[in-house]
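>
In UniProt numbering, the protein residues as written are 1 to 550.
So, in structure tokens, the structure goes:
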């Protein structure tokens, strides 16, 4: 085989390996990403438990990069603090070694069985959950077919003196670390790089001692994905990525010193554990190094977190949410990961709902006080709410075209409705500001009784908005009955107020101009309650929806 043909074969095998790993990882995230994310959120309060979760999570999805990027996204969204993130990141560094362990057992001979099973399942199964599992099986088969292709290409390298000479000249530990770092930074997967090293060791193309230093370089290169993802995030997101980087740099320096001092005993120990199989030697070295690094550095996790403040100093600039026209949790300028995208949308929608609710109260206050500054602020905030409406909607369209977890896909439609309902609440606040400006221009007055009725209804509307946003943001239906009862009570309150208002009209206690403004505001508040009810029940499987909301 010529060098050109061998390189083509090697490239084809690598391409299949990368595609298989990505297919398997994305399919696992799509099939179980929401549940895994829930576990990650729930069990990371304790740093040690977080480390165990990080090991299992990364072992399941076969990607420490995906896990660390998800952690960075959580930190960016405020769902996880840096100390909790440190435990998960430490665990992810152990979990990532599972891939090299699987590769070392050389399952290439049965890879066609996985390929056939996966393809048949995708072609003939109708149930989506089974189809996703078949995608995972197919990815597993493609991965090992790629390994088989690379292994065949590498076997031909042994007969090429030029390549053997180049690889045998790699004797400098520092150069080996640099090679491992750069190669992994390009491929963005330490599992892939270690697997390539493992295959080369199996074919006798790399000496086992130099493989150990390449593995150390792979650990540093694996930080690239999280570092890149954090660049446009908040400072804590950058610090989370820095935890991963510092862990691997400090761990590499520590292992480098130990290898230089005790290379012989370490190699002997690895031979005892691995036997005469070079592939198992590399895989076991990868796992043992990672476990040792975690054991050595875990007691100093708090110190590593504090070190990140030295590399990423300062705090995020505080901005007024009312008119900054900025997305805090989502968008092109923040961390994006399909497995956490819906969580970030939820956070942004909660923020948008708070803005709309505050603006409604500001508008109602301006209606009574006729404060011009409040009126102008209502219009300014409404522009920001419209900005959030368009930006969140565009983001939902964008993430709907990615490999979202199945559970998250089901909620996308509801999220489109929720952002629209929140925007309509903002519109009603603007309508009240228009009424305040009209009242100010015409000198129309409201009676004390009318003001009291508006205050009563606003209190009820504020309560239903609060309950509805709580139901949406927590995913709990604990307030469902309260919301339904409040909606009925608000409808009844509107009828009662309108009746009382008509009575005042007949007694000439209210002018026609004031009557029109008052009636419109009361009707608007009732519609706000309708939109709040829609928000409350949008994510539930109930049929309850207020179709009359305008």
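All residues carry an ideal CB built from backbone N, CA and C; glycine is no exception.
1. Looking at C-alpha atoms only, which residue of 388, 421, 468, 429 is the closest neighbour of residue 376?
2. Let's test the definition: count the other Cβ atoms within 10 Å of the Cβ of residue 488 and tell me whether it reaches 16, buried, or not, exposed.
3. Quick check: the Cα distance between residue 410 and residue 416, rounded to an integer number of angstroms?
4. Please state whether the Cβ-Cβ distance between residue 191 and residue 96 is less than 8 Å.
5. Can you tell me the Cα-Cα spacing of residue 198 and residue 205, whole angstroms?
6. Roughly how many angstroms separate the alpha carbons of residue 549 and residue 527, rounded to a whole number?
7. What residues in its chain sit with their C-beta under 7 Å from that of residue 463, if we drop five residues either side in the sequence?
8. Less than 8 Å between the beta carbons of residue 555 and residue 139, yes or no?
9. So the candidates are 66, 239, 436; which of them puts its Cα closest to the Cα of residue 306?
10. With distances taken Cα to Cα, identify the nearest neighbour of residue 146 among 115, 186, 90, 352.
11. Have a look at residue 47 and residue 84 and give me their C-alpha separation to the nearest angstrom.
12. Counting along the chain, where does the alpha helix (DSSP H) carrying residue 398 start and finish?
13. To the nearest angstrom, report how far apart residue 178 and residue 267 are at their CA atoms.
14. Within the continuous alpha helix (DSSP H) that includes residue 173, where are the two ends?
15. Straight-line CA distance for residue 89 to residue 64?
16. Under a Cβ-count criterion, where at least 16 other Cβ atoms within 10 Å of its own Cβ denotes burial, should residue 478 be classed as buried or exposed?
17. If you draw a straight line from the C-alpha of residue 137 to the C-alpha of residue 121, how long is it?
18. By how many angstroms is the C-alpha of residue 446 removed from the C-alpha of residue 366?
19. Cα-Cα, which of 433, 520, 500 is closest to residue 452?
20. Taking all protein chains shown into account, do 16 or more other C-beta atoms lie within 10 angstroms of the C-beta of residue 543, making it buried, or fewer, making it exposed?
21. Kindly list the residues whose CB is nearer than 7 Å to the CB of residue 514, restricted to its own chain and excluding five residues on each side of it in sequence; keep chain order.
22. DSSP on residue 519, reduced to helix/strand/coil?
23. Report the three-state DSSP secondary structure of residue 127 (helix, strand or coil).
24. Does the distance from the CB of residue 226 to the CB of residue 345 come in under 8 Å?
25. I need the straight-line Cα distance from residue 27 to residue 222, nearest angstrom please.
26. With DSSP collapsed to three states, give me the class of residue 235.
27. With DSSP collapsed to three states, give me the class of residue 328.
Let me lay it out:
1. The residue given as residue 376 occupies position 376 in the chain shown. For residue 376, the nearest C-alpha among the options comes from 429.
2. Mapped onto the chain shown, residue 488 falls at position 488. With a 10 Å radius around the Cβ and a threshold of 16 neighbouring Cβ atoms, residue 488 comes out exposed.
3. Residue mapping note: residue 410 aligns to position 410 of the chain shown, counting from 1. Residue mapping note: residue 416 aligns to position 416 of the chain shown, counting from 1. Spanning the two alpha carbons is a distance of roughly 12 Å.
4. Numbered from its first residue, the chain shown carries residue 191 at position 191. Numbered from its first residue, the chain shown carries residue 96 at position 96. Yes, these two residues count as a Cβ contact at 8 Å.
5. As a position in the chain shown, residue 198 is number 198, starting the count at 1. As a position in the chain shown, residue 205 is number 205, starting the count at 1. Cα to Cα, the separation comes out at about 10 Å.
6. By one-based count along the chain shown, residue 549 stands at place 549. By one-based count along the chain shown, residue 527 stands at place 527. The predicted position of residue 549 is uncertain, since its pLDDT is 45 and thus under 50; a value taken from the coordinates is nonetheless stated next. Residue 549 and residue 527 have their C-alpha atoms some 5 Å from each other.
7. Residue 463 sits at position 463 when you count from the first residue of the chain shown. A distance below 7 Å between beta-carbons, with the five flanking residues on each side excluded, links residue 463 to the following residues of its chain, in chain order: 486.
8. Shown here, the chain extends from 1 to 550; a query on residue 555 therefore has no answer.
9. Position 306 of the chain shown, counted from the start, is the residue given in the question as residue 306. Minimum Cα distance to residue 306 is reached at 239.
10. Here the question's residue 146 lines up with position 146 in the chain shown. Answer by Cα proximity: 115.
11. Walking along the chain shown from the start, residue 47 turns up at place 47. Walking along the chain shown from the start, residue 84 turns up at place 84. Put simply, the backbone Cα of residue 47 is about 5 Å away from that of residue 84.
12. Reading the chain shown from its first residue, position 398 is the one you call residue 398. Segment 372-399, the alpha helix (DSSP H) holding residue 398.
13. Mapped onto the chain shown, residue 178 falls at position 178. Mapped onto the chain shown, residue 267 falls at position 267. Cα to Cα, residue 178 sits roughly 21 Å from residue 267.
14. Residue mapping note: residue 173 aligns to position 173 of the chain shown, counting from 1. DSSP places residue 173 in the uninterrupted alpha helix (DSSP H) bounded by 173-187.
15. By one-based count along the chain shown, residue 89 stands at place 89. By one-based count along the chain shown, residue 64 stands at place 64. Between the alpha carbons of residue 89 and residue 64 lies a distance of about 8 Å.
16. In the chain shown, counting from the first residue as 1, residue 478 sits at position 478. Per the 10 Å Cβ criterion, exposed.
17. For the purposes of this step, residue 137 is taken as residue 137 along the chain shown, with counting starting at 1. For the purposes of this step, residue 121 is taken as residue 121 along the chain shown, with counting starting at 1. When the Cα atoms are used, residue 137 and residue 121 turn out to be separated by approximately 9 Å.
18. In the chain shown, the residue the question calls residue 366 occupies position 366. In the chain shown, the residue the question calls residue 446 occupies position 446. C-alpha separation (whole angstroms): 13 Å.
19. Here residue 452 corresponds to residue number 452 of the chain shown, with the count starting at 1. When each option's Cα is compared against that of residue 452, the closest is 500.
20. Counted from its first residue, the chain shown places residue 543 at position 543. With a pLDDT of only 46 at residue 543, under 50, the local geometry of the prediction cannot be trusted, and the value read off the model is given with reservation. With fewer than 16 Cβ atoms within 10 Å of its Cβ, residue 543 is classed as exposed.
21. In the chain shown, the residue the question calls residue 514 occupies position 514. Short of 7 Å from the beta carbon of residue 514, and not among the five residues preceding or following it, lie these beta carbons of its own chain, in chain order: 444, 445, 446.
22. For the purposes of this step, residue 519 is identified with residue 519 of the chain shown, where counting begins at 1. Here residue 519 sits in helix by DSSP.
23. Along the chain shown, one-based indexing puts residue 127 at 127. Residue 127: coil per DSSP, three-state reduction.
24. Position 226 of the chain shown holds residue 226. Position 345 of the chain shown holds residue 345. No, they are not a contact pair.
25. For the purposes of this step, residue 27 is taken as the residue at position 27 of the chain shown. For the purposes of this step, residue 222 is taken as the residue at position 222 of the chain shown. Between residue 27 and residue 222, the C-alpha separation is close to 21 Å.
26. Within the chain shown, the letter at position 235 stands for residue 235. In this structure, residue 235 counts as helix in the three-state DSSP scheme.
27. As a working note, residue 328 is residue 328 in the chain shown. Residue 328: coil per DSSP, three-state reduction.
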